[in-house]
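K.L.:
Mind having a look at this structure? Questions to follow.
2 protein chains.
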Amino acid sequence: MKAVKEVSKLTGVSVRTLHHYDEIGLLKPTTVTPAGYRLYDDTALERLQHILLFRELEFPLREIKTILDSPSFDRSRALEQQITLLTLKKEHLENLIDLARGLKMIGVNHMDFTAFDTSKIDEYAAQAKATYGTTPEYKEFEQKSKKRTSEETRLLHFQMMSLFTEFGRLRNLSPDSAEVQVQVKKLQDFISEYFYTCSNTTLLGLGTMYAGGGDLTASIDKANGDGTAEFVYQAIRVFCEEREP
Amino acid sequence: MKAVKEVSKLTGVSVRTLHHYDEIGLLKPTTVTPAGYRLYDDTALERLQHILLFRELEFPLREIKTILDSPSFDRSRALEQQITLLTLKKEHLENLIDLARGLKMIGVNHMDFTAFDTSKIDEYAAQAKATYGTTPEYKEFEQKSKKRTSEETRLLHFQMMSLFTEFGRLRNLSPDSAEVQVQVKKLQDFISEYFYTCSNTTLLGLGTMYAGGGDLTASIDKANGDGTAEFVYQAIRVFCEEREP
DNA sequence: TATAAACCATGACGCAGCTGGAGAGTCAAC
DNA sequence: GTTGACTCTCCAGCTGCGTCATGGTTTATA
Chain A
1 MKAVKEVSKL
11 TGVSVRTLHH
21 YDEIGLLKPT
31 TVTPAGYRLY
41 DDTALERLQH
51 ILLFRELEFP
61 LREIKTILDS
71 PSFDRSRALE
81 QQITLLTLKK
91 EHLENLIDLA
101 RGLKMIGVNH
111 MDFTAFDTSK
121 IDEYAAQAKA
131 TYGTTPEYKE
141 FEQKSKKRTS
151 EETRLLHFQM
161 MSLFTEFGRL
171 RNLSPDSAEV
181 QVQVKKLQDF
191 ISEYFYTCSN
201 TTLLGLGTMY
211 AGGGDLTASI
221 DKANGDGTAE
231 FVYQAIRVFC
241 EEREP
Chain B
246 MKAVKEVSKL
256 TGVSVRTLHH
266 YDEIGLLKPT
276 TVTPAGYRLY
286 DDTALERLQH
296 ILLFRELEFP
306 LREIKTILDS
316 PSFDRSRALE
326 QQITLLTLKK
336 EHLENLIDLA
346 RGLKMIGVNH
356 MDFTAFDTSK
366 IDEYAAQAKA
376 TYGTTPEYKE
386 FEQKSKKRTS
396 EETRLLHFQM
406 MSLFTEFGRL
416 RNLSPDSAEV
426 QVQVKKLQDF
436 ISEYFYTCSN
446 TTLLGLGTMY
456 AGGGDLTASI
466 DKANGDGTAE
476 FVYQAIRVFC
486 EEREP
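Chains A and B supply the protein sequences, listed in that same order.
Using my numbering, read the first sequence as starting at 1 and increasing by one per residue.
Using my numbering, read the second sequence as starting at 246 and increasing by one per residue.
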């Protein structure tokens with residue numbers, strides 16, 4: 001039986017953290033002496049190790065609690081989700097690093113800020129709902145969206161923007177060039193993974209929407225350079241024709 | 246002159262956030278109507294864009310304030326530092342993703358927890374201070390350490406551990422194999438970048454310390470496999486001999 | 001056996017960067 | 001003059017603890 005200080009030394013967590021974990025019911029001491037001292041046995045230590053493991057993986061404490069408390073919990077799925085989240089974060093960081101490098105070169109005054117403006121996405125989402133609200137793809141999208149945290153959503157928006165930014169950079173090239181086609185594939189895969197199964201047909205539908213000439217087209221062009229929306233559409237057309245002759 | 250809601254729509258930040266930025270003095274409205282309404286002009290909007298840019302790059306609001314308020318501030322250096330931090334975070338995420346994947350495979354019960362135990366690092370740091378406290382390397386180390394946030398420190402500890410974990414994985418190989426030597430170079434570069442200029446001589450000194458047989462050796466071996474400390478030492482010796490014949 | 005050192009407790013406040021709600025005032029339009 | 005959209009100022013709360021403050025408990029030593 002070990003008291004707080006010793007547990008702290010063994011595991012590297014602070015005494016305060018142990019208090020905290022007791023408070024929120026994440027790790028209760030095995031026994032408490034009449035004087036109120038917390039005592040932990042080896043089982044508790046093991047639990048603490050598990051807690052620290054999941055904490056390191058950036059699981060919220062709440063979730064760690066449910067993971068450890070319900071043995072029937074699907075840990076594999078939780079891990080899978082967390083891997084997705086961490087990967088998303090990692091990719092986001094890569095974008096940010098690029099951004100910071102660029103910023104260092106050209107200075108803040110010459111920066112293009114439109115690239116962060118994810119504010120209109122909800123608007124377009126509403127439009128999309130009106131148009132496609134009944135399709136199975138949209139339902140799949142809604143299903144997946146429900147489960148996401150706001151953080152995840154934010155990251156996804158950003159990633160989506162980055163994909164278009166990349167198209168903007170490539171828009172001098174021919175739509176059928178290998179580099180551009182790779183980017184189309186990336187877009188399709190991204191949508192499939194995070195939003196809904198994106199068949200070539202669906203992708204083509206999206207393409208026509210992007211280049212449709214409405215607010216969305218304007219918004220894409222404004223953020224990534226004139227003609228980007230149309231360029232993406234052309235690239236998508238090539239992509240779909242090549243794969244389905 | 247725009248009121249909060251309109252600014253919110255234009256930039257995607259919430260009204261509440263504008264209030265917050267006003268409170269902390271990060272973005273004051275250009276004027277305030279007699280009724281207390283906040284009004285922002287284009288200059289303010291521009292400042293807001295800059296704020297959002299740096300916020301996206303994960304600068305703390307405090308720092309954003311000083312960056313924007315003092316034109317003499319060395320932004321380039323600040324960006325450089327932030328790039329380092331973001332890179333560190335990215336690499337840490339890569340480690341976590343690997344960890345999560347491993348965990349998914351072998352399950353939580355077969356995990357090796359020693360890899361997170363960065364708790365003894367402070368202890369060894371104290372020892373190092375006693376031994377090397379007067380050397381210029383140690384002073385450089387102290388200088389750099391002072392400027393770091395706890396988050397950064399944590400990430401550095403973790404990265405350091407990962408470097409050793411990698412040695413642990415390679416410890417069946419010959420110390421003079423290319424792969425191992427690359428890893429030594431990584432270690433040297435890492436130390437040079439984040440702690441102090443690590444010449445071959447210094448590196449060799451570290452090596453003897455690692456394999457010295459004390460608590461540190463035991464700790465390294467426990468976390469990464471028996472013989473890792475000695476293996477690292479041998480690898481370092483080969484490295485230094487090859488480079489300085 | 002007294003007392004100091006080391007350890008333990010609770011409780012409250014603080015941090016960052018906000019979000020959300022209550023309750024009330026303001027403004028333009030119909 | 002009333003509706004509805006907008007605005008304001010508090011206040012509470014979130015995560016995961018750090019950091020006192022204040023006081024009780026245990027153990028080692030004198």
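Cβ coordinates follow ideal geometry from the N, Cα and C atoms, glycine included.
Being a predicted model, the structure only gives us computed values, none of them experimental.
1. So with CB distances below 9 Å, who are the chain B contacts of A235 of chain A?
2. Would V483 of chain B count as contacting chain A if we go by Cβ distances under 7 Å?
3. Would you mind working out which of A:L99, A:A126 and A:R75 sits nearest G352 of chain B, comparing C-alpha positions?
4. I want to know whether the region 15–30 of chain A touches the region 59–73 of chain A - three or more CB-CB distances under 8 Å.
5. At the 7 Å Cβ level, is I328 of chain B part of the contact set with chain A, yes or no?
6. To the nearest whole angstrom, what separates the beta carbons of R283 of chain B and L263 of chain B, a pair I think is in contact under 8 Å?
7. Determine the direct distance from the alpha carbon of F59 of chain A to that of S419 of chain B, and round the result to whole angstroms.
8. With 8 Å as the C-beta to C-beta threshold (strictly closer), list the residues of the region 63–79 of chain A near chain B in chain order.
9. Taking only the alpha-carbon atoms, compute the straight-line gap between L306 of chain B and H295 of chain B and give it to the nearest angstrom.
10. Taking beta-carbon pairs under 8 Å, can you tell me which members of the region 331–349 of chain B lie near chain A?
11. According to DSSP, what are the bridge partners of V32 of chain A?
12. Indicate the three-state DSSP secondary structure (helix, strand or coil) for K104 of chain A in the structure shown.
13. What did DSSP end up calling K147 of chain A once you bin it into helix, strand or coil?
14. Note down the Cα distance separating E241 of chain A from E137 of chain A, rounded to an integer number of angstroms.
15. List the residues that DSSP assigns as beta-bridge partners of K2 of chain A.
16. May I have the straight-line CA-CA distance separating A178 of chain A from L330 of chain B, to the nearest angstrom?
17. Relative to the alpha-carbon of L293 of chain B, which residue among B:E325, B:G281, B:P316 and B:S253 has its alpha-carbon at the smallest distance?
18. Of all Cβ atoms in chain A, is any one closer than 7 Å to the Cβ of V252 of chain B?
19. If we cut at 7 Å on Cβ distances, does P245 of chain A have a partner in chain B?
20. Examine the Cβ distances between the region 223–237 of chain A and the region 156–175 of chain A and report whether three or more of them are shorter than 8 Å.
21. Can you tell me whether V452 of chain B is buried or exposed, with buried defined as 16 or more other CB within 10 angstroms of its CB?
22. Select from the region 274–300 of chain B all residues with a C-beta closer than 8 Å to any C-beta belonging to chain A, and list them in chain order.
23. Using three-state DSSP, classify E241 of chain A as helix, strand or coil.
24. Which residues mark the beginning and the end of the alpha helix (DSSP H) in which D22 of chain A is found?
25. Taking the alpha-carbon positions, what's the Q479 of chain B to M405 of chain B distance?
26. Have a look at E368 of chain B and D460 of chain B and give me their C-alpha separation to the nearest angstrom.
27. Within the 7 Å Cβ cut-off, does L461 of chain B reach chain A?
28. With a Cβ-Cβ cutoff of 7 Å, do V232 of chain A and Y196 of chain A count as a contact?
29. Buried or exposed for P245 of chain A, going by 16 or more other Cβ atoms inside 10 Å?
30. What's the call for N172 of chain A, buried or exposed, on a 16-neighbour Cβ count within 10 Å?
31. What is the DSSP secondary structure of S70 of chain A, reduced to helix, strand or coil?
32. Following the continuous alpha helix (DSSP H) through G452 of chain B, name the residue where it begins and the one where it ends.
33. On a Cα-Cα basis, can you pick out the residue from B:E339, B:L401 and B:L338 that is closest to I366 of chain B?
34. CA-CA distance, L187 of chain A and N200 of chain A?
P.N.:
This is what the structure holds:
1. None at all; the shortest Cβ gap to chain B is about 27 Å.
2. By this cut-off, V483 of chain B is not an interface position.
3. The candidate whose alpha carbon is nearest that of G352 of chain B is A:R75.
4. With a cut-off of 8 Å, the region 59–73 of chain A and the region 15–30 of chain A count as touching, because enough Cβ pairs lie within range.
5. It does; some Cβ of chain A falls within 7 Å.
6. Indeed they touch by this definition, with Cβ atoms about 7 Å apart.
7. Here the alpha carbons of F59 of chain A and S419 of chain B stand approximately 39 Å from one another.
8. Of all residues in the region 63–79 of chain A, R75, S76 and L79 have a Cβ within less than 8 Å of some Cβ in chain B.
9. The alpha-carbon atoms of L306 of chain B and H295 of chain B are separated by roughly 12 Å.
10. Taking 8 Å as the Cβ-Cβ cut-off against chain A, the residues of the region 331–349 of chain B that qualify are L331, T332, K334, K335, L338, E339, L341, I342, L344, A345, R346, L348 and K349.
11. Paired residue(s): A:R38.
12. In the structure shown, K104 of chain A sits in a helix (DSSP, three-state: H, G or I).
13. Of the three classes helix, strand and coil, the one that applies to K147 of chain A here is coil, per DSSP.
14. Approximately 22 Å, taken between the alpha carbons.
15. Looking at the DSSP assignment, K2 of chain A forms a beta bridge with A:Y40.
16. Their backbone Cα atoms lie some 34 Å apart in a straight line.
17. Comparing Cα-Cα distances from L293 of chain B to each of B:E325, B:G281, B:P316 and B:S253, the minimum goes to B:S253.
18. No - not a single Cβ of chain A is within 7 Å of the one on V252 of chain B.
19. Residue placement at P245 of chain A is poorly supported in this model, since its pLDDT is 49, which falls under 50; the coordinates still yield a value, given next. Output row for P245 of chain A: interface = no.
20. Segments in contact, yes.
21. According to the sequence provided, residue 452 of chain B is Gly. The question's Val does not apply to it. G452 of chain B comes out buried.
22. Per Cβ criterion, the list reads Q294, H295, L297 and L298.
23. In this structure, DSSP gives E241 of chain A a helical state, which the three-state scheme calls helix.
24. Residues V15 to E23.
25. Cα to Cα, Q479 of chain B sits roughly 18 Å from M405 of chain B.
26. Here the alpha carbon of E368 of chain B sits roughly 10 Å from the alpha carbon of D460 of chain B.
27. No, because no Cβ of chain A sits closer than 7 Å to the Cβ of L461 of chain B.
28. Contact flag unset, no.
29. Bear in mind that a pLDDT of 49 at P245 of chain A, under 50, signals an unreliable position, so the number given afterwards is only what the model happens to contain. Only exposed fits P245 of chain A, as fewer than 16 other CB atoms lie within 10 angstroms of its CB.
30. N172 of chain A should be labelled exposed.
31. Three-state DSSP puts S70 of chain A in coil, outside helix and strand.
32. Its alpha helix (DSSP H) spans residues N445 to Y455.
33. Per the Cα distances, B:L401.
34. When rounded, the distance between both Cα atoms is 11 Å.
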